[in-house]
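Residue numbers (this note's numbering): 7 to 1196.
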């Protein structure tokens, strides 16, 4: 169903229309609309066990061990006890189920907390407090200030004039700017009259409504009511049918690339296991046929060679099952849990201001953080703080805002330790406004005509609404944070915007109240990129004030301004070079007769039925010419701390960053340049803004050919076979330079069509950075899915609002920005923290370490277990293929659980090639993870070959060393039990030595685990081979006295030493040759660190300075049409109380010092300088009224 431009689809069938009758639950229930209860949990008490077991047995290894368990209960096959498999299998299933249960219990608690919130519902003419879960479609509910919106509502009435409601959408899109909604007049007239509301029983039919309904009448679930005493709304969509829940997307079970590779390798291992068992079964059949008949005298049995081979096959399946030990998966879960705690405990990722630590919300994706290739990021609230600050300005060719050293004449860097300009002469100044250049205040006090004209223009030419509930308590409601920052700065410099009516704008100029007649507002739009007002001052003089993008204003200036334009242009270039958003101001004095004639034409055009917009544009062009230049402003769209440095570091790590935002193209471009995502040094930044599929395709193709003229049209897909499937993968193509790509939402819709998606992906992948503007939440998820589908790369999505949830769920890794008002993204994320800058530490330190540790763990684990198992294989040729084990049964049980468990866990939890400081210093260390160089099919095959060689040494060296030997007392040198013990000792020592070679970072824990495990082997060996245990249970402890009789011979210890040396010698030689001939980035960095012998460098927080000639356009977050509202002949706010002027006499303020920092406009009213201890003023919270693109 398409409703108010929002797409909702019912689960069972497509909803063509929705009929709702207010205050009639019986009628509405007949349509079976969803209730307002939500459920994000996966299980309940009944479904938990079957669903969880079903999910766990999707892991091939778990199903494999369950099959082994069945085999082990068959006496004719099994030579091992059944409990050796059932105990670890149950342990693994129980641990995983417990973790899943805890996660789901937390989801249940969150659901109950939301569902049990209370709201007032109008039932039978009375307001009754009901739980959210009991609210139904068609109910009329009352919301009060600071309450969350319960469901998707049709606004009926409110306490504010014109039935306006101010809402904050931080839960939805992360923006703290206020947005305004307005009810229909026909419903707004009911006010808070309960009788009228209870009698309201209209039927709302989508598609045939008599009253115009659009997004401006709708309050979405998750919004917060602000600055509104009360409002009433009719529930249109409830619970899972609300836009908030629809955009959340479906939760998917995420697996790491290593998990997916493990499934492939496990299948290979099964095949290898089957092959070995077939060989040994065939050997048994041959041996039984040729040699078995000779033993029937001693072992009478039926001569059925085929059946004997069949039983032998299954017996060896059980004996050789250690090639895929279940302890592997237990250890992997422990490693992931430990590395998750490292993230939670990292103090360098703790945000003290909001008291928010980093949190690993899932424990199964840690190593995936070390393989990220693409990052998809939201803009507002993720890269930016949504705070605008007035930094600098140019007035009549003079630049203001810099702090100059009076002795050297050099520009000083502004720091928080500097003392701000003293605005105490102005009682209406905002104490949070900080500025440093005192010369501008001096010029204001000296009544410079140009400076006064500059601030007068800013105080008059805007669409800001002012509210003054008590004397001096000014609250500005700005449509865009740009305007809020400018009007706030103007206020502090002595030109205070006090109030407006449709006909009048009242300001205080240096303590003197003046009212200007507002004659016309020439509104902003994306084509004009400017806005103007025409006012008459108290003396009767007509003036047009205009502000807009410099390129637009310059075309309309009088030729007499040429010299001033040159000076202003130089200042604009300086401002743009610092990443500031620039705006040019101009004015024009109008003739009364000319304006009367123009006003008449304007009225005729405004009521025209045809070509109204074109006629108005022509009139605007006519009057906005031959203007005189006043100056320019420079506003900073404040980035979060460290964003530019983080992006620079991630780019060095070969990570590509795509920004997916709902903002306008120019806004996103400007932020792209500010945070160094786009750079002036790039060869070119392609702008895709076509209006048809054909044009979009051509622009994409032209861009790709410019980046790589030799690129081929068709040969860009490479097939990749995974478990029988052959998905197509778009190979990486290299551009002949650095390029960026900016594409708007309209063009992106065409680019994501199936016929064009590969063209878009090929072009975008060749660019260093991509910015997608005006995208919907669905498009964000589609872009992520496109890269996942055709790129063999790991993706990460990061955002802070509900409109980012679908993107976060679609990516391999989802990261939520917490500590803001909106928490929807965090609740759906895999990892969360408070600042974007923590992303570099999450990936370059924790992610890289987790991936490196997991890969080392897997390589070593496969090595030690393949080596252990292959010795069985060689022994089968010497025991008549009888499925006899070469080791003691106790050693088989304890090998993975005790003797080798802790050393490999120590490796996997504490190892690091270089420490955190050097990891951040050399982001290039991250690249091998993207290429899966540490663990892959090739690395696995190397482990298999290494294990095969080691097993040959471990079996045949001891065998040759003790073959046909005698002790000093004349007895035989060895028997089966002695040979088994020697082989066990050689194996244990060898795998510990191999682990020592793999360790890069020795800690006390590692020493304890390695040498303690070796000590434990000898202690338990001597203990289990004692007389006492033999007497307790002879079948289980048959190796009585073997350790005492065998390990006291020097030849045995020489054999152990020789075996260990022969096993590790090829490894040492291979690693040495590789480091000398073809060193990796890790080898180079470790050598450099070793050579420097210095402590790791501290993380650098240098300020990046960008020099650019690019200048931003005007008021990017501004929306068209707001000028009509402020001139609608109706008051938007209650009349302000009577007030008196309150300026102190002008002159030099005693507290003036030529230091300070720029002022800030924060929609959320956050303190801009936390070190500055100032009392909060009446202006606690700036808010912006802006149309929602959500």
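Glycine residues also receive a C-beta, built at the ideal position from the N, C-alpha and C atoms.
All values reported here derive from a predicted model rather than from experimental measurement.
Paired residues, beta bridge with residue i - DSSP
i: residue 638; result: 400, 590
i: residue 159; result: 225, 241
i: residue 643; result: 394
i: residue 147; result: 127, 239
i: residue 746; result: 691, 775
i: residue 380; result: 662, 801
i: residue 137; result: 124
i: residue 230; result: 154, 174
i: residue 822; result: 805, 838
DSSP state of residue i mapped onto helix, strand, coil
i: residue 386; result: strand
i: residue 551; result: strand
i: residue 999; result: helix
i: residue 884; result: coil
i: residue 418; result: strand
i: residue 779; result: coil
i: residue 613; result: coil
i: residue 451; result: helix
i: residue 25; result: strand
i: residue 334; result: helix
i: residue 1176; result: In this prediction, residue 1176 has a pLDDT of 37, which is less than 50 and means its spatial position is unreliable; what the coordinates show is noted afterwards. Coil, per DSSP.
i: residue 680; result: helix
i: residue 629; result: helix
i: residue 538; result: strand
i: residue 503; result: strand
Under 8 Å between C-beta atoms of residue i and residue j
i: residue 573; j: residue 633; result: no
i: residue 553; j: residue 395; result: no
i: residue 959; j: residue 968; result: no
i: residue 845; j: residue 646; result: no
i: residue 824; j: residue 832; result: yes
i: residue 297; j: residue 935; result: no
i: residue 640; j: residue 570; result: no
i: residue 94; j: residue 329; result: no
i: residue 184; j: residue 172; result: yes
i: residue 753; j: residue 702; result: yes
i: residue 528; j: residue 537; result: yes
i: residue 706; j: residue 766; result: yes
Close-in-space but distant-in-sequence residues of the same chain around residue i (CB under 7 Å, 5 per side omitted)
i: residue 367; result: 835, 836, 837, 838
i: residue 790; result: 382, 801, 803, 813, 816, 817
i: residue 293; result: 886, 887
Nearest neighbour of residue i, chosen from the options [CA to CA]
i: residue 41; options: 77, 138, 874, 105; result: 138
i: residue 295; options: 38, 568, 314; result: 314
i: residue 380; options: 534, 697, 165, 663; result: 663
i: residue 320; options: 649, 877, 290; result: 290
i: residue 670; options: 406, 782, 821; result: 782
i: residue 332; options: 63, 107, 399; result: 63
i: residue 581; options: 168, 407, 740; result: 407
i: residue 136; options: 123, 233, 938; result: 123
i: residue 391; options: 681, 999, 377, 1009; result: 681
i: residue 798; options: 263, 440, 361; result: 263
Contact set for residue i: own chain, Cβ-Cβ below 6 Å, skip 5 residues either direction
i: residue 243; result: 158
i: residue 909; result: 1001, 1015, 1016, 1019
i: residue 1027; result: 1049
i: residue 750; result: 671, 695, 779, 780
Contacts around residue i, its chain only, beta-carbon distance under 8 Å, and the 5 residues preceding and following it disregarded
i: residue 261; result: 370
i: residue 913; result: 859, 862, 863, 866, 1001, 1004, 1005, 1012
i: residue 614; result: 621
i: residue 655; result: 846, 850, 926, 929
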